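Undergrad: Going by full-length UniProt numbering, the residue at position 37 of the sequence shown is 37; the numbering climbs one at a time, nothing skipped.
Note that CB positions come from ideal geometry on N, CA and C, so glycine has one too.
Because the structure is a prediction, the values reported are computed rather than measured.
Here it is, the structure, as structure tokens.
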Amino acid sequence: MFLLLAGAALAGDDRRLLVLGDSISAAYGLSLEEGWVALAELALAERGLSVEVINASISGETSAGGRRRLPALVEAHNPDAVVIELGGNDGLRGYPVAQLRQNLAAMVSVAQDHGAEVLLLPMEIPPNYGPRYTGTFRKTFELVANEAGATLGPFPLEAVATDPALMQADGIHPTAAAQPRIVDTLLPALEKVLRP
């Protein structure tokens, strides 16, 4: 696990954002400074939001792994908002969607119980898993957000996934050039959960 602690010492009006994700948020194949999480901190500052970012994302992380780690993370960091960007690896491994739903709901509950606003980012998986699985997988994020009163964000790779020039050779992970577009996609939702 790595932590990207952004900015100087916290001032009284600073917000604290915990990002719990997989390789998409862990800047796979890039330096941490090039990833969307670090760039989002700068973009938020430009909009007048001073935010300490704790990036607890791990490449390969599943929803079950995030569920195990989140309680200690919220205790340690007391975030004002938590971004949950998990589920993609569950889908790629064909894990049961019911298990994903339980894990996402549990993470949202843990964050909310600590007084944090939650931004749940939906994931997508390739269509070769079949329409039934991919459809159920896709709907899970909206269902969990609606049931728990969390904010459902956009798919982080919405603006880049279909452009081969913005994806690494594996076709799964975005390039450095794609990261600012990811920030642009997510910024309105991030502002929504971070503004007091």
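#1: Excluding the 5 residues preceding and the 5 following His77 in the sequence, name in chain order all residues of the same chain whose CB lies nearer than 7 Å to its CB.
#2: Thinking just about the alpha-carbon of each residue, which of Leu32, Val51, Asp170 is nearest to the one in Asp14?
#3: Kindly provide the ranges of any beta strand (DSSP E) runs that are 3 or more residues long and lie completely inside the UniProt domain "SGNH hydrolase-type esterase" (19-178), ordered along the chain.
#4: Note down the Cα distance separating Asp90 from Tyr129, rounded to an integer number of angstroms.
#5: Given this structure, state the Cα-to-Cα distance separating Ala150 from His114, to the nearest angstrom.
#6: For the putative contact between Thr134 and Arg101, defined by C-beta atoms under 8 Å, what is the C-beta separation to the nearest angstrom?
#7: Using the C-alpha atoms, what's the distance from Ala177 back to Gly60?
#8: If we ignore side chains and look at the alpha-carbon of each, how far apart do Val110 and Glu85 end up?
TA: In this structure, then:
#1: In the sequence shown, the residue the question calls residue 77 occupies position 77. In the same chain as His77, and ignoring 5 residues on each side of it, the C-beta atoms closer than 7 Å to its own belong to Arg16, Leu18, Ile54, in chain order.
#2: Taking the first residue of the sequence shown as 1, we reach residue 14 at position 14. For the residues Leu32, Val51, Asp170, the minimum Cα distance to Asp14 belongs to Val51.
#3: 51-55, 81-85, 117-120
#4: Sequence index remark: in the sequence shown, residue 90 carries index 90 (1-based). Sequence index remark: in the sequence shown, residue 129 carries index 129 (1-based). If you take the alpha carbons of Asp90 and Tyr129, they lie about 12 Å apart.
#5: Position 150 of the sequence shown, counted from the start, is the residue given in the question as residue 150. Position 114 of the sequence shown, counted from the start, is the residue given in the question as residue 114. Near 14 Å, if we compare the C-alpha coordinates of His114 and Ala150.
#6: Stepping through the sequence shown from its first residue, residue 134 is reached at position 134. Stepping through the sequence shown from its first residue, residue 101 is reached at position 101. Approximately 15 Å separates the beta-carbon atoms of Thr134 and Arg101; this is outside 8 Å, ruling out the contact.
#7: Position 60 of the sequence shown, counted from the start, is the residue given in the question as residue 60. Position 177 of the sequence shown, counted from the start, is the residue given in the question as residue 177. Near 22 Å, if we compare the C-alpha coordinates of Ala177 and Gly60.
#8: The residue you call residue 110 lines up with position 110 of the sequence shown. The residue you call residue 85 lines up with position 85 of the sequence shown. If I take the Cα positions, the gap works out to 15 Å.
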